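Protein chains in written order, with the numbering used here: chain C, 27 to 160; chain S, 935 to 1230; chain H, 8 to 136.
Cβ atoms here follow ideal geometry from the backbone N, Cα and C, with glycine treated the same way.
In this text the structure is predicted, and so the values were computed from the model without any measurement.
Below: the structure, in structure tokens.
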Amino acid sequence: MIVEASDTISVSTSEDVVKVRQKVRAQAVALGFSLVDQTKIVTAASEIGRNTILHGGGGRMDMDTVRQGGRVGLRLVFTDKGPGIPDIARAMTDGYTTRGGLGLGLSGSKRLSNEFDIKSTPGEGTTVTLIRWK
Amino acid sequence: MTKTDSIIPQILDKYSTQVMKDWAAQISAVTIAVGDDLNEVGARFFTALRQGIASGQFDDISGPAWAPARGILEELSRERAIKGATPAQTATFVFSLKSPLFSLLGREIKDAPTLAREIWTATLLLDKLGLYTTEVFQKNREEVIARQQEEMLELSTPVVKLWDGILALPLIGTLDSARTQVVMESLLQQIVTSGAETAIIDITGVPTVDTLVAQHLLKTVSAARLMGADCIISGIRPQIAQTIVHLGVELNVMTKATMADAFALALRRIGKTVRDREQSNGEKKKPQDAAAAEEA
Amino acid sequence: MDQIPILKIGDTLLVSIQVDMHDRLALALQDDLTAKIVETRARGVMIDISSLEIVDSFIGRMLNNIAAMSRILDAVTVVVGMRPAVAITLVELGLSLTGVKTALNVDKGLALIRQMIDGEEGSLDRRGE
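Structure below.
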């Protein structure tokens, strides 16, 4: 996978979630994603961005344009140094609610993305990576 | 591996006008079928070529020094693809540089091994550049084909209005995942544009349905419901019904055997019925009398 | 902080969400609406989301909450104007708008609210007989 362009934005306030949506939308448009695909990745970004603030205590999003095997994609990496998620499998179950609801956010974002990865160490933080290919 | 000891850069600098002239002659002789003035592009490419060569990087044209040259070749390739030229014609644009360059090398270099080495270097480089145009050409053709396929998809699955507030989508042929998505998005858009609260998806003309397609259909029905419209699926053949049960897909949608039944249901939902025309005294007219009365 | 305007048409409150809301604004809207329903004794609430390009789980929960609170306050809620791309994404996301009726546009939404309010009153009469 080749990383072409990169951008980083800090995610700590609820206004930042709006910024995340706008940035991801702009880049998705620039890369020529269809309207539905744009909507899917922006919505996924909104979900994970919010999780980063509410459950991760704030962090950042790295937005990369990636290329692999002739196709172009948009990769978002959300990182926080929060408490982490002890039971990822359970957190990914639809509707699982803790402290206001991680439930739909994680599993829903996974469904909205082509590739999805989550790494979390309790006490150290969480990293969520999602990719939408054009 | 760089070829800083090659004299090709000096030759191109010293004889640039001559090379350009000979090259232009070669191009017009070979690509006369495509016509129009390639000299402007040729001049720009030549400058970019010398830029790339000046970097000393002869082996690898993917680096930044060759970016201008690549850019011009991409532009040329794209333009030629649209005009219907063959890849060979476009690649020849680069390959025809060999002849003027080689004759110059032959004139300037008397030592046979050195001449052989320089010609080899030049050949490798020009081959790479020529092949690059073919790659780009190929990619562009594929993009054109993909776009045409998309347009064909949209044309072949029109959404029709049966009545105020009732749309129908008659699907014909084998559905694949991509086609189904395009078609469904089009249906949802039409629902918004026409304000139709009922959409009939008729699959009489669809021979088989797999899990993925069935799921797309159901997702579309759910999306329509979220928006404030309802769908009816009609024309489910026995084989498809069996497949759906076999696959364990839950059909959470209204279904009707034929589009006619679906239409009748849709009409009832909007409070309309179909009845025979009557005379003013309440008697039912015979169809021929009605027609005669119309013409009068 | 900007506020989302709430209009009153007869016994219906109309909210048109035109901006990309941050979470605090959405919560403020929830509170404002609830207060206005009580203040005006509205029987219907119509939320126009035709300008929204994104509806995520937070906004979805907001809509569900508004519908639930309205019902307790004896009002019906109808959401109108959902865009196709939003609907498709919501289905994929797995969010269901329970207790929220939807209509394609403002006209149909008002008609639906009318139908629901009048229908209720009709049935109430029958019970009273």
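Take Ala74 of chain H, set aside five residues on each side of it, and the residues of its chain with a beta-carbon closer than 6 Å to its own are Thr84, Gly106 and Val107, in chain order. In this structure, the alpha-carbon of Ala1022 of chain S lies about 38 Å from that of Ile157 of chain C.
Nearest to Thr1108 of chain S by alpha-carbon distance, out of S:Val1117, S:Ile1100 and S:Ala1102, is S:Val1117.
When the Cα atoms are used, Glu1084 of chain S and Lys1153 of chain S turn out to be separated by approximately 21 Å.
Secondary structure of Gln94 of chain C (DSSP, three-state): strand.
Assigned with DSSP and collapsed to three states, Leu20 of chain H falls in strand. Note that the region 1133–1143 of chain S does not touch the region 60–72 of chain H; fewer than 3 beta-carbon pairs, one per stretch, sit closer than 8 Å. Boundaries of the beta strand (DSSP E) harbouring Lys108 of chain H: Lys108 to Ala110, taken from the DSSP string. Shown here for Phe1036 of chain S: same chain residues with a beta carbon closer than 8 Å to its own, the five before and five after excluded, namely Ile1053 and Ala1056 in chain order. Residues of the same chain with a CB within less than 8 Å of the CB of Gln37 of chain H, apart from the 5 flanking positions on each side, are Met69, Asn72, Ile73 and Met76 in chain order.
Per DSSP, the continuous beta strand (DSSP E) segment holding Phe142 of chain C begins and ends at Glu141 to Thr147. Within the region 1080–1100 of chain S, no residue places its CB atom closer than 7 Å to a CB of chain H. Here Met1086 of chain S is exposed. Its C-beta has fewer than 16 other C-beta atoms within 10 Å. Sequence-ordered contacts of the region 12–42 of chain H with chain C read Asp27, His29, Asp30 and Arg31 [C-beta pairs closer than 7 Å]. For Glu99 of chain H, DSSP records no beta bridge to any residue.
For Gly51 of chain H, the enclosing beta strand (DSSP E) stretches over residues Gly51 to Asp55. Thr78 of chain C is a Cβ neighbour of Val37 of chain C, given a cutoff of 8 Å. Val44 of chain C belongs to the set of residues whose beta carbon lies under 8 Å from a beta carbon in chain H. About 11 Å separates the Cβ atoms of Leu104 of chain H and Val93 of chain H, ruling out a contact at the 8 Å cut-off. Annotation for Val85 of chain H: the continuous beta strand (DSSP E) segment containing it runs Val83 to Val87.
At a cut-off of 8 Å between beta carbons, Gly101 of chain H contacts chain C. Per DSSP, reduced to three states, the secondary structure at Ala1046 of chain S is helical. The straight-line gap separating the alpha-carbon atoms of Pro1034 of chain S and Gln960 of chain S is approximately 9 Å.
Taking the Cα of Gly83 of chain C as reference, the smallest distance to any Cα among C:Arg97, C:Asp106, C:Thr69 and C:Val68 is reached at C:Asp106. In the three-state DSSP reduction, Met28 of chain H falls in the coil class, being neither helix nor strand.
Residues of chain H with a Cβ closer than 9 Å to the Cβ of Ile1125 of chain S are, in chain order, Pro91 and Leu111. Distance check between Pro1092 of chain S and each of S:Thr1142, S:Gly1099, S:Leu1105 and S:Arg1203 places S:Leu1105 closest, using alpha-carbon atoms only. If you check the CB distance, Leu34 of chain H and Ile11 of chain H do not come in under 8 Å. Annotation: the region 1111–1163 of chain S contains the following complete segments of the beta strand (DSSP E) (minimum length 3 residues), in chain order: 1132–1139. Each residue's CA atom was taken as its position, placing Thr1024 of chain S and Lys1032 of chain S some 15 Å apart.
Bounds of any beta strand (DSSP E) do not take in Glu1009 of chain S; it lies within the alpha helix (DSSP H) bounded by Ala1001 to Lys1017. Not a single C-beta of chain H is nearer than 8 Å to the C-beta of Glu30 of chain C. Non-local beta-carbon contacts of Glu1042 of chain S in its own chain, meaning distances under 8 Å to residues more than five positions away in sequence, involve Ile941 and Ile945 in chain order. Under the 8 Å Cβ criterion, the region 50–61 of chain H counts as touching the region 17–29 of chain H, having at least three qualifying pairs. Beta-bridge pairing by DSSP links Asp947 of chain S to no other residue. The shortest C-alpha to C-alpha distance from Gln48 of chain C to any of C:Ile67, C:Ile114 and C:Val103 is the one to C:Ile67.
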